[in-house]
Amino acid sequence: MLFVLQTSRGRSSTVSLQIGCPENSAVSRAVSVGLHFGSVRLCSGFSSLKGSGFGAAERLWPLGGARGFGMGDGTLEFFRSAGALTGKDACAVSWAHAVNSRRELARALTDHSHMLEADVILRGRDPKEPVMAHPPDTDSDITLSEWLHGVREHRKGIKLDFKSLEAVAPSLVLLEPVLSEKKFPVWINADILTGPGGRATPLKAESFLSATADLPPHAVLSLGWTTGWTAGAENPGYSWDMVQEMEQICRDLPHAVTFPVRAALLAQSLPQLCWLLQRSDRFSLTVWTSTEDQFSLQDLRSYRSRLDVGKIYFDLLDSVRAELRGTSAESE
Numbered sequence: 211m212l213f214v215l216q217t218s219r220g221r222s223s224t225v226s227l228q229i230g231c232p233e234n235s236a237v238s239r240a241v242s243v244g245l246h247f248g249s250v251r252l253c254s255g256f257s258s259l260k261g262s263g264f265g266a267a268e269r270l271w272p273l274g275g276a277r278g279f280g281m282g283d284g285t286l287e288f289f290r291s292a293g294a295l296t297g298k299d300a301c302a303v304s305w306a307h308a309v310n311s312r313r314e315l316a317r318a319l320t321d322h323s324h325m326l327e328a329d330v331i332l333r334g335r336d337p338k339e340p341v342m343a344h345p346p347d348t349d350s351d352i353t354l355s356e357w358l359h360g361v362r363e364h365r366k367g368i369k370l371d372f373k374s375l376e377a378v379a380p381s382l383v384l385l386e387p388v389l390s391e392k393k394f395p396v397w398i399n400a401d402i403l404t405g406p407g408g409r410a411t412p413l414k415a416e417s418f419l420s421a422t423a424d425l426p427p428h429a430v431l432s433l434g435w436t437t438g439w440t441a442g443a444e445n446p447g448y449s450w451d452m453v454q455e456m457e458q459i460c461r462d463l464p465h466a467v468t469f470p471v472r473a474a475l476l477a478q479s480l481p482q483l484c485w486l487l488q489r490s491d492r493f494s495l496t497v498w499t500s501t502e503d504q505f506s507l508q509d510l511r512s513y514r515s516r517l518d519v520g521k522i523y524f525d526l527l528d529s530v531r532a533e534l535r536g537t538s539a540e541s542e
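Position one of the sequence shown corresponds to residue 211 (the numbering used here), numbered consecutively onward.
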C-alpha cells in the first residue's frame, strides 16, 4: 500500500508499507502504534525507514483512496465527482465571500457557491478560541467549531483565511476530524510575503509553514503576498524577486499550493506568474479582487490563453467569471 511519509520538517516521500513486514524490508519493524480506523492518520512512530533518507518517520498519510483526493489539488475533481461541475475549467468554481456569521453561513450553504471563504481569528476576550471574523473585528456570533459543524454535511469546499499566527494551531486541532474524513476540499490561506504595494505585515513564512507542516497531503495551502492598489497611480506588479522567493519557499512542500493574486496587478505580472505556475504541477493561481479595484477582462484572458484553465481559479463575481468563460451569469 502506498503512503506519503511526512516528517516534522514537512518533507515528504512516497513509500510502500507492508504491515508486519520482515526485518530486511523497507520498514525496519512492524507498526508499533495501533491503526486509527476512520482517520487519515493511519500509522506513525516507526523507528526508521531504511534507505528513505528521512530517519525517523513521524507521520504517514495514505495516498489516494476511494474517498480521498490523493496528493495535490483535488478541488476540481471533487466537484466533478459530486456532479456540481462538468469540464476542467477552474473558472467554473464559484465562491461565497466573508462567510463570518451564522446568517452568512446559512445563506452560503443553500446557494450555488462551491467554495466558502471565511476568516479566522482568536477571540479578543475570554474564552480565547477561534471565531469567524475579519480584523478589525475581534469577535463573532459563530465559533470555528460551530462553523465547521455547520459545513460538515454539505458538499462545499472551504477556504480559511488566517491573519494571525496565534489562531492557526488551535484551529488546526478543530480541523483534524474534518481533514480525516476527507469529505470536501480544505484550503488554508495566509499572506506570507510582502507583495506589490503591500503595507500590512505578512505572517512569518517559516512559522506558518511549521504550524501547517502536519496537514495531510490532500489539504491545499493558499500562500500569498500582502498587496496594495491605488486608483490613478502606476501600481507595480509581482516582481521576479517576489515570485522567485515564493517558489523557493514552496518547491519542497508536500501539499498543493495555490497563489492568491490580485486581479488589478495581473497586467504587469504575466511573465512572472506564468513562470511561477510552470515550476510545479502542484501550483495554481487564485485571482481575487478588492471592492474598489479596477482591472481589464482582457488581462485575465491573457492568463487563460497562456496557461492551463484548470490551474487558474477566479474568486470573482459570477458575472465576471461568466464573461471570462463566455457563458451567461445564470449558468454560473
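Yeah, the Cβ is synthetic: ideal placement off N, Cα and C, and Gly gets one too. Every value quoted in this text rests on a predicted model; they were computed, and no experiment measured them.
Are residue 523 and residue 483 close, meaning C-beta to C-beta below 9 Å?
no
Integer-rounded CB distance, given that residue 361 should sit under 8 Å from residue 319
7 Å
Which residue spans inside the segment 440 to 475 form an unbroken alpha helix (DSSP H) run of at least 4?
450 to 460
Below 8 Å on the Cβ atoms is my contact criterion, and I expect residue 505 with residue 469 to pass it. Report the Cβ-Cβ distance as a whole number of Å.
No, residue 505 and residue 469 are not in contact; Cβ-Cβ is about 17 Å, not under 8 Å.
Starting from residue 436 and walking both ways along the alpha helix (DSSP H), at which residues does that stretch end?
Premise fails: residue 436 lies in the beta strand (DSSP E), 430 to 436, not in any alpha helix (DSSP H).
By Cβ distance below 6 Å, which residues in the same chain neighbour residue 472 in space, the five residues on each side in sequence not counted?
437
Check each candidate in 334, 287 and 439 and name the one with the smallest Cα separation from residue 366.
287
When DSSP labels each residue in this structure, what does residue 515 get in the three-state scheme?
helix
Buried or exposed for residue 322, please, with buried defined as at least 16 other CB atoms from any protein chain shown within 10 angstroms of its CB.
Exposed is the call here.
Straight-line gap, residue 345 to residue 335 (C-alpha atoms, nearest Å)
Cα-Cα distance, rounded: 14 Å.
Per the contact definition of three or more C-beta pairs closer than 8 Å, is the segment 437 to 451 in contact with the segment 382 to 400?
no
Since residue 417 and residue 375 should fall inside the 8 Å C-beta cutoff, what is the C-beta to C-beta distance between them, to a whole number of angstroms?
6 Å
Could you name each continuous beta strand (DSSP E) segment of 3 residues or more that falls completely within the segment 309 to 385, going from the start of the chain to the end?
325 to 332, 340 to 342 and 367 to 372
By the three-class DSSP mapping on this structure, what secondary structure does residue 294 have?
Here residue 294 carries a coil assignment [DSSP, helix/strand/coil].
Rounded to the nearest angstrom, what separates residue 328 and residue 513 at their Cα positions?
26 Å
From residue 529 to residue 518, what does the alpha carbon distance come to, in whole angstroms?
Between the alpha carbons of residue 529 and residue 518 lies a gap of roughly 21 Å.
So, are the CB atoms of residue 467 and residue 510 less than 9 Å apart?
no
State yes or no: is the C-beta of residue 412 within less than 9 Å of the C-beta of residue 404?
yes
Please tell me whether residue 476 and residue 521 are closer than 9 Å, where the distance is taken between their beta carbons.
no
Where residue 433 and residue 295 are concerned, what is the direct C-alpha to C-alpha distance, given to the nearest angstrom?
25 Å
If you follow the alpha helix (DSSP H) that residue 532 is part of, which residue opens it and which one closes it?
528 to 535
State the DSSP-derived secondary structure class of residue 411, mapped to helix, strand or coil.
coil
Tell me where the beta strand (DSSP E) around residue 495 begins and ends.
Its beta strand (DSSP E) spans residues 493 to 498.
Would a C-beta distance cut-off of 9 Å place residue 478 and residue 446 closer than the cut-off?
yes
Report back the beta-carbon spacing between residue 312 and residue 368 to the nearest angstrom; my notes put them in contact at under 8 Å.
By a beta-carbon distance limit of 8 Å, residue 312 does not contact residue 368. Their separation comes to about 16 Å.
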